[in-house]
Every structure is written in structure tokens, then in C-alpha cells.
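Under my numbering, think of the first position of the sequence shown as 13, with each following residue one higher.
Remarks on the structure that follows.
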Amino acid sequence: MRAGLIQLTSGDDPVANLAETQAMISRAAEGGAGFVLTPEATNCISTSRSVQNEVLRHESDDATLDALRDQAAALGIWVLIGSLALKTDDADGRFANRSFLIGPDGAIAARYDKIHMFDVDIGDGEVFRESDAYRPGDRAVVADTPFGALGLSVCYDLRFPYLYRALAHAGARILTVPSAFHPVTGAAHWHVLLRARAIETGCYVLAPAQTGDHAIRQGRPRQSYGHSLAISPWGEVLADAGTEKGVVFVDLDPANVDKARGRVPSLNHDHDFKAPQL
13 MRAGLIQLTS GDDPVANLAE TQAMISRAAE GGAGFVLTPE ATNCISTSRS VQNEVLRHES
73 DDATLDALRD QAAALGIWVL IGSLALKTDD ADGRFANRSF LIGPDGAIAA RYDKIHMFDV
133 DIGDGEVFRE SDAYRPGDRA VVADTPFGAL GLSVCYDLRF PYLYRALAHA GARILTVPSA
193 FHPVTGAAHW HVLLRARAIE TGCYVLAPAQ TGDHAIRQGR PRQSYGHSLA ISPWGEVLAD
253 AGTEKGVVFV DLDPANVDKA RGRVPSLNHD HDFKAPQL
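Spelled out as C-alpha cells, the structure:
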């Protein structure tokens with residue numbers, strides 16, 4: 013299976029973002045990709061709660077989701093919508109950061125709500141509180157496909173290796189990590205964390221990413237690191253999109269998962285142990 017990882021610079025206008033996303037998906041399919049992946053927050057990146065309340069929709073009437081389902085069916089391909097920002101019926105008004113796997117018939121094959129919220133103080137006044145606007149998910153998801161079981165995750169999940177080990181033990185052979193990584197943490201940690209998750213699990217890791225300066229009407233400016241990556245089950249970087257928008261391709265060979273796990277079968281060596289006490 014050939015996978016195409018799309019690198020976007022989404023802004024806070026879902027209509028404009030959708031047009032660019034669809035063009036990129038068509039380009040990936042023309043390049044032979046039967047599985048196309050988009051980044052986190054494909055439909056909208058915004059730092060303004062008022063703008064989000066204006067432009068976001070519930071899953072049942074989200075135009076981006078409907079259009080990409082139709083496109084997947086028209087092209088006969090699998091599409092991972094890295095995530096969509098969606099309204100929920102929560103009393104506190106928080107949104108969902110939800111990843112969707114779309115089958116070649118246009119049906120939703122799996123949904124995953126991002127579990128770990130990006131609540132950090134990066135330094136130099138850079139403070140993020142994702143949990144103020146988004147509610148965390150509470151369920152890990154593995155989805156079956158003809159080219160291997162997928163373990164779904166989103167961005168900040170990457171820093172929690174126990175999630176990926178659980179996904180691998182549940183049968184995942186490919187891990188998806190759609191992201192909008194911050195430039196500071198991206199430069200320091202992005203490549204090494206993705207390679208580590210691949211090495212620890214013997215899985216392919218596919219991480220489509222947002223890049224560059226996002227067009228935002230209100231709120232503080234926002235930048236993303238880029239460098240959409242495809243990592244082999246042995247931890248090799250197979251594709252790196254750099255910092256420009258576009259598509260990168262990788263050919264997935266299931267035999268490489270078996271080969272890596274056969275050389276270092278660490279998934280078979282887990283042991284229970286007592287937690288340390290100070």
C-alpha cells in the first residue's frame with residue numbers, strides 16, 4: 013500500500029481549508045496513494061473561542077467531514093482525517109478534537125477523540141491550555157484495514173508511550189500521529205519521539221503535520237513545525253516533508269513489521285512489576 017501524507021497550513025476558515033485539503037488529496041491519489049492522511053485540525057486552527065464557536069459544527073453537519081467522505085468514495089481510497097475540531101453537546105461548551113478513518117466506500121470506519129490535552133508552558137510567554145477549549149477522549153482505538161491494523165492517536169498523545177504500547181498489543185501494525193506541533197517542541201522532540209514510538213512497538217508510524225504561519229483573524233498568532241514524517245518499524249525516517257505544504261509518499265510493506273518484531277521481540281517481553289515507593 014502506498015500512503016500519502018498531506019502537509020497543510022490550515023487557517024480559521026473551514027471553507028478555504030477544505031478546498032486546499034481536497035486538492036491535496038486528489039494530488040496524493042494521482043501519485044498512487046491508496047491511503048491518504050491529513051494533519052490534526054484539518055478543518056480549523058484558531059486561537060479565538062468566539063471564532064471557533066462561529067465556524068465549527070457538530071459531527072452530524074460538518075461540511076469537511078461530509079466532503080472528504082464523498083471524495084474518499086469517489087477516488088476509492090482510504091482517508092485518515094487527522095482530526096477535525098467539532099462542537100459537542102457538553103454542558104461546558106468544550107469541543108472535540110476527533111480523528112476519522114474513512115473507508116473507500118465513504119463510510120466512517122473509526123473515530124478517535126484525542127486523549128491527552130496540550131496544557132504546557134513552553135517558555136517566553138508561550139502558554140497553551142488545550143483542555144480549556146477541548147474535552148479529552150477516554151478510549152484508545154485500533155481499526156482494521158486490508159493493509160494492516162491502525163492505532164489512532166493525535167499530536168500530544170505522542171509523549172505517552174504507554175498508549176502506543178497498548179495499541180500495539182491490541183494488534184496495531186501502523187500508528188497514525190496527525191499533528192500541529194509547536195516549532196519549539198518540534199525542533200527539540202518531534203523526530204526522536206516518532207522514531208522512539210516506532211522502535212518500541214515495531215510499527216510503521218505515519219505523522220502528517222501542519223506547517224508554517226496559520227491565517228488567523230482573531231487571537232494570538234500560531235505557527236506549526238511541519239516535517240510530516242513516515243517512520244519504518246525499525247525506526248528509520250522514510251519520508252520527511254520539510255516545512256513546505258505538499259504531499260510525501262511512502263510504500264508500506266507488512267513484512268517489515270514482522271521483520272522488526274522478529275529481530276527485537278520486545279512486545280513479548282512485558283512483565284508486571286511493583287511501582288516504586290519513595
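Note that CB positions come from ideal geometry on N, CA and C, so glycine has one too.
Since the model is a prediction, treat every value here as computed from it, not as a measurement.
Spatially closest choice to Asn29 from Leu164, Glu52, Phe159, Val204, by CA coordinates: Glu52
Buried versus exposed call for Leu180 [16 or more other C-beta atoms within 10 Å across all chains shown]: A small correction: the amino acid at residue 180 is Ala; Leu does not occupy that position in the sequence shown. When all chains shown are included, Ala180 counts as buried.
Residue closest to Leu187, alpha-carbon to alpha-carbon, out of Leu264, Gln222, Thr33, Cys56: Leu264
Neighbour-count burial assignment, Ile134, 16 or more Cβ in a 10 Å radius: exposed
Val259 to Asp252 span [Cα, whole Å]: 10 Å
CB of Arg207 within 8 Å of CB of Ile243, strictly: yes
Gln34 in three-state terms, based on DSSP: helix
Distance CB(Trp90)-CB(Thr157) smaller than 8 Å: yes
Backbone CA spacing between Tyr216 and Arg106 [nearest angstrom]: 33 Å
As assigned by DSSP and simplified to three states, the class of Trp90: strand
4 or more residues per run - each alpha helix (DSSP H) lying fully within the stretch 148 to 236: 173 to 181, 203 to 213
Rounded C-alpha distance that separates Ile57 from Gln289: 42 Å
For Ile127 and Asp169, believed in contact at Cβ under 8 Å, the rounded distance: 6 Å
Contacting residues, own chain, Cβ-Cβ under 8 Å from Ala199 (five flanking each side not counted): Tyr237
Distance, Phe285 Cα to Ala35 Cα: 51 Å
Residues near Met13 in its chain [Cβ-Cβ closer than 6 Å; skip 5 each side]: Gly46, Phe47, Phe159, Leu264
Secondary structure of Val276, DSSP reduced to three states: coil
Minimum C-alpha distance to Asp282 - residue among Val153, His226, Arg177: Arg177
The stretch 66 to 74 / the stretch 37 to 45 touching (three or more Cβ pairs under 8 Å): no
Residue closest to Lys271, alpha-carbon to alpha-carbon, out of Thr213, Ala227, Asp78, Ser60: Thr213
C-alpha distance - Leu98 paired with Gly149, whole-angstrom precision: 13 Å
Candidates Leu175, Ala287, Cys167: closest to Ser111 by CA position: Cys167
Alpha-carbon to alpha-carbon, Ala267 and Phe193: 30 Å
Three-state class that DSSP yields for Ala28 in the structure shown: helix
Buried or exposed (CB count within 10 angstroms, at least 16 for buried), Tyr146: buried
Closest residue to Ser2 among Gln64, Val276, Gly254, Asp225 (Cα-Cα distance): Because the chain is modelled from 13 through 290, residue 2 falls outside the range shown and cannot be assessed.
Unbroken alpha helix (DSSP H) run spanning Glu142, endpoints: 142 to 145
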